[in-house]
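Novice: One structure is given below, represented as structure tokens, and several questions about it will come after.
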Amino acid sequence: MEKQAPPSPLASAPPLDILILAAGLGTRMRSATAKVLHRLGGRPLIAHVCRSATALLKEARPIYIIVGHQAEEVGAAARAELGEEGAVFVTQAEQRGTGDAVMCAREALEGANSTLLVISGDVPFVRAETLGALVQQHRTHRGHGAACTLLSVKLDDPTGYGRVIRDAEGRFERIVEQKDATPEERQTGEINAGIYCFETRLLFDALERVRPENAQGEFYLTDVPGILRADGEDVSIYLHADAREVSGINTRVELAEFERVLRLRTLRSLMLNSGVTVIDPQHTYVSPDAQIGSDTVLHPNTHIEGRTVIGEGCEIHSGTRITDSRVGNGVTVKDNCVIVESEVADGCTVGPFAHLRMNARMEEHSAVGNFVEMKKSRLGSKSKAMHLTYLGDAEVGERTNIGAGTITCNYDGKAKHPTFIENDVKIGSDTMLVAPVRVGARSVTGAGSVVTEDVPPDTLVAGVPAKVKKKLLHEETQAVSPENKNAEEVTTAVTGGE
Ligand code: UD1
Ligand code: MG
161 MEKQAPPSPL ASAPPLDILI LAAGLGTRMR SATAKVLHRL GGRPLIAHVC
211 RSATALLKEA RPIYIIVGHQ AEEVGAAARA ELGEEGAVFV TQAEQRGTGD
261 AVMCAREALE GANSTLLVIS GDVPFVRAET LGALVQQHRT HRGHGAACTL
311 LSVKLDDPTG YGRVIRDAEG RFERIVEQKD ATPEERQTGE INAGIYCFET
361 RLLFDALERV RPENAQGEFY LTDVPGILRA DGEDVSIYLH ADAREVSGIN
411 TRVELAEFER VLRLRTLRSL MLNSGVTVID PQHTYVSPDA QIGSDTVLHP
461 NTHIEGRTVI GEGCEIHSGT RITDSRVGNG VTVKDNCVIV ESEVADGCTV
511 GPFAHLRMNA RMEEHSAVGN FVEMKKSRLG SKSKAMHLTY LGDAEVGERT
561 NIGAGTITCN YDGKAKHPTF IENDVKIGSD TMLVAPVRVG ARSVTGAGSV
611 VTEDVPPDTL VAGVPAKVKK KLLHEETQAV SPENKNAEEV TTAVTGGE
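Counting from 1 along the sequence shown, just add 160 to a position and that's the residue number in my numbering.
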């Protein structure tokens, strides 16, 4: 069956405005952090809602967002999703209920002859298609459109939600909140999802008449549909089949459950659509925004975060975390590595216990091994740093070997300085490279050298501080090339071990 596009609003219909409610603290989260800032799949809840909302808009139109608790952080999270121009923020100074929250946008919206879609900031799974279907029903209700259309679902356990009460004919009558409902009303399994369409003018007209006369002493937005109905306006109900999709998150238990659902959904898609092997889906964590190529294997307890892209045929071993990074094809990342905002090209080997961060870049077929840290550094093609090394602010050329225990001393207590190590160099074990410094092509440093001055090409240096011992002949530099089959032996002789 062909995938259905979201229904398009009628040509003659008033324009669509969108309002997201995100001012509340979310008391039930028991958190110092506003509820909509809690993360699901690595992104704040508000960002999920913003993404679906903006997908619905046919033309560029700002989305109105009611902010209050941690307004600045909530604003930043929304802007990260919608762009600077994509959102207009309205402050609700005191959180007096969802009705009061919408009322805050009166000045901004009342004049607009629009249809207003109101969404809670805590329904992260809601899809643009569903919002589109709600708007469509609202606009076509009885051929002329409704004053209000609310989205409802049926739940086995409706505890905590506002119940949708229908009259004897099954038409909308009113919404009653859990705390205000009679025992009979609480039996109703149909609940208000907190997503509505209103004709903007009628909404504000009715909101004026909302009173905080209820168990919570709040201005309930949920009173508005009942008021409109009593006014003789058409209120329509869009009964949605998928309860999970439109459920709000109110507690950390629900947040964890949503996380589990999203995680398994993401892994399922990776397995079915992308051809990724996930050995143990219960213990594998992949961001919904990550991309992974076919025949890549994710071992248990791997964390692939943010917008990480991993190529084909890679092996990512246990205990590894890769965040906002790019990994090429045929890469092996052994156990317990951390790769953050870095790049690993095709055919590289990383770890075990390696740390790449702040724009570290490994070029094709290079390797870093046990307890190696790379920061803001480049390791050239076929180069290696296999043991106990720190490369910071360093540029390493091709086919160069960095011996065990090498450190680029990049920080003098005030500033960071660069180290350049050119092609085909052999850095002996335990070499300290005191930056700024350059080691020329095909040169060699002896074990334990402290290199404080530039080393010319084809030169052997050794000692503390390192001094030139001799110029290397072509045959000697050939002998220490990692591609030479005797390399191991000769390297040991000259530099005291890899
Ligand atoms: C609300 C509905 C309830 C519905 C449920 C669905 C009301 C009175 N009740 O209840 O019928 O079943 O959602 O999830 O609307 N907010 C503000 N300012 C405020 C209060 C809330 O911006 O003063 C925002 C919150 O940040 C949140 C949204 O409104 O994003 C919903 O608030 P919440 O407290 O979660 O409402 P519920 O009690 O869940
Ligand atoms: Mg809620």
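Each residue gets a CB set at the ideal place from its N, CA and C atoms; glycine is no exception.
Note that the coordinates shown come from a computational prediction; the quantities given were computed from them, not determined experimentally.
To the nearest angstrom, how far is it from the Cα of Leu311 to the Cα of Phe513?
Specialist: Taking the first residue of the sequence shown as 1, we reach residue 311 at position 151. Taking the first residue of the sequence shown as 1, we reach residue 513 at position 353. Going by the C-alpha atoms only, they are around 50 Å apart.
Novice: Please go through the same chain and pick out, in chain order, the residues whose beta-carbon is closer than 6 Å to the beta-carbon of Ala238, but skip the five residues on each side of it.
Specialist: For the purposes of this step, residue 238 is identified with residue 78 of the sequence shown, where counting begins at 1. Closer than 6 Å at Cβ, skipping near neighbours: Ile206, Cys210, Ile225, Ala247.
Novice: Pairing CB atoms from the segment 385-399 with CB atoms from the segment 365-373, are three or more of them under 8 Å?
Specialist: yes
Novice: Going by the beta-carbon positions, is the gap between Leu427 and Thr444 smaller than 9 Å?
Specialist: Within the sequence shown, numbered from 1, the residue matching residue 427 stands at position 267. Within the sequence shown, numbered from 1, the residue matching residue 444 stands at position 284. Yes, the pair counts as a contact, with Cβ atoms nearer than the cut-off.
Novice: With a threshold of 6 Å on Cβ separation, who are the neighbours of Pro204 within its own chain once the five nearest residues in sequence on each side are excluded?
Specialist: The residue labelled residue 204 in the question sits at position 44 within the sequence shown. Hits under 6 Å: Leu197, Ala237.
Novice: Going by the CB atoms, is the gap between Gly600 and Ser609 shorter than 9 Å?
Specialist: Against the sequence shown, residue 609 aligns to sequence position 449. Against the sequence shown, residue 600 aligns to sequence position 440. Not a contact, by the Cβ cut-off of 9 Å.
Novice: Counting only runs of 3+ residues fully inside the segment 390-466, write out the beta strand (DSSP E) ranges in chain order.
Specialist: 395-399, 444-446, 462-465
Novice: Does any heavy atom of the ligand UD1 sit closer than 8 Å to the C-beta of Leu181?
Specialist: Start at 1 with the first residue of the sequence shown, and residue 181 comes out as number 21. Leu181 Cβ: within cutoff of the ligand UD1.
Novice: Considering only DSSP beta bridges, list what Tyr380 is partnered with.
Specialist: Numbered from 1 along the sequence shown, position 220 holds the residue referred to as residue 380. BP columns for Tyr380 are empty, so no partner.
Novice: Are the CB atoms of Ser526 and Ser541 within a distance shorter than 9 Å?
Specialist: Taking the sequence shown and counting its residues from 1, one reaches residue 541 at position 381. Taking the sequence shown and counting its residues from 1, one reaches residue 526 at position 366. Taking 9 Å as the Cβ cut-off, Ser541 and Ser526 qualify as a contacting pair.
Novice: I'd like to know if the segment 283-294 and the segment 179-188 are in contact, where contact means that at least 3 CB-CB pairs between them fall below 8 Å.
Specialist: no
Novice: Confirm the yes/no value for this check: CB of Asn410, any heavy atom of the ligand MG, distance under 8 Å.
Specialist: Against the sequence shown, residue 410 aligns to sequence position 250. Remark: the shortest separation between the CB of Asn410 and any heavy atom of the ligand MG falls under 8 Å.
Novice: DSSP three-state label for Glu345, please.
Specialist: Position 185 of the sequence shown, counted from the first residue, corresponds to residue 345. Reduced to three states, the DSSP call for Glu345 is helix.
Novice: Return the CA-CA distance between Leu242 and Gly473, expressed in angstroms with no decimal places.
Specialist: Start at 1 with the first residue of the sequence shown, and residue 242 comes out as number 82. Start at 1 with the first residue of the sequence shown, and residue 473 comes out as number 313. Near 35 Å, if we compare the C-alpha coordinates of Gly473 and Leu242.
Novice: Out of Lys218, Gln297, Leu315, point me to the one whose CA is closest to Ala307's CA.
Specialist: Sequence index remark: in the sequence shown, residue 307 carries index 147 (1-based). Gln297 is the residue among Lys218, Gln297, Leu315 whose C-alpha sits nearest the C-alpha of Ala307.
Novice: In angstroms with no decimal places, state the Cα-to-Cα distance between Val469 and Asn519.
Specialist: As a working note, residue 469 is residue 309 in the sequence shown. As a working note, residue 519 is residue 359 in the sequence shown. Distance between the alpha carbons of Val469 and Asn519: 15 Å.
Novice: Give every residue of the same chain whose Cβ lies closer than 8 Å to the Cβ of Glu378, excluding the five residues on either side of it in the sequence, and list them in chain order.
Specialist: On the sequence shown, residue 378 is found 218 positions in, with the first residue counted as 1. Excluding positions up to five away in sequence, the list reads Arg256, Gly257, Thr258, Gly259, Asp260, Pro372.
Novice: If you run the structure through DSSP and keep just helix, strand and coil, what is His195?
Specialist: If you number the sequence shown from 1, residue 195 lands on position 35. Checking the sequence shown, residue 195 turns out to be Lys, not His. In the structure shown, Lys195 sits in a helix (DSSP, three-state: H, G or I).
Novice: How about Asn570: is its C-beta nearer than 9 Å to some C-beta of chain D?
Specialist: This model lacks chain D altogether, as it is built from one protein chain only.
Novice: Enumerate, from N- to C-terminal direction, the unbroken beta strand (DSSP E) stretches of 3 or more residues contained entirely within the segment 223-291.
Specialist: 223-227, 247-251, 275-280
Novice: Relative to the C-alpha of Asn570, which candidate in Ala595, Gly557, Glu417 has its C-alpha closest?
Specialist: Translated into the one-based positions of the sequence shown, residue 570 becomes position 410. Asn570 has its Cα closest to that of Ala595, out of Ala595, Gly557, Glu417.
Novice: Are the segment 261-271 and the segment 324-334 touching, with three or more C-beta to C-beta distances below 8 Å?
Specialist: no
Novice: Between Asn496, Ala545, Ile223, Asp484, which has its C-alpha nearest Ala450's C-alpha?
Specialist: Locating residue 450 in the sequence shown gives position 290, where the first residue counts as 1. Taking only the C-alpha atoms, the option nearest Ala450 is Asp484.
Novice: Run the CB neighbour count on Ala401, radius 10 Å, all protein chains shown included, and call it buried at 16 or more, exposed below.
Specialist: Position 241 of the sequence shown holds residue 401. Exposed.
Novice: Quick check on the DSSP output: the beta strand (DSSP E) that includes Leu362 runs from which residue to which?
Specialist: As a working note, residue 362 is residue 202 in the sequence shown. Not the beta strand (DSSP E): Leu362 falls in the alpha helix (DSSP H), residues 360-367.
Novice: How close, in whole Å, do the beta carbons of Gly292 and Asp316 come, if the pair is a contact with beta carbons under 8 Å?
Specialist: Along the sequence shown, one-based indexing puts residue 292 at 132. Along the sequence shown, one-based indexing puts residue 316 at 156. The Cβ separation is near 27 Å, so there is no contact.
Novice: Measuring CB to CB, does Val278 end up less than 9 Å from Val262?
Specialist: One-based indexing of the sequence shown puts residue 278 at position 118. One-based indexing of the sequence shown puts residue 262 at position 102. Yes, they are a contact pair.
Novice: So, using beta-carbon positions, are Cys508 and Gly488 closer together than 9 Å?
Specialist: The count along the sequence shown starts at 1 and reaches residue 508 at position 348. The count along the sequence shown starts at 1 and reaches residue 488 at position 328. Taking the C-beta atoms as reference points, Gly488 is found nearer than 9 Å to Cys508.
Novice: May I ask you to check if the CB of Thr251 is nearer than 8 Å to at least one heavy atom of the ligand UD1?
Specialist: On the sequence shown, residue 251 is found 91 positions in, with the first residue counted as 1. Result no, Cβ not under 8 Å from the ligand UD1.
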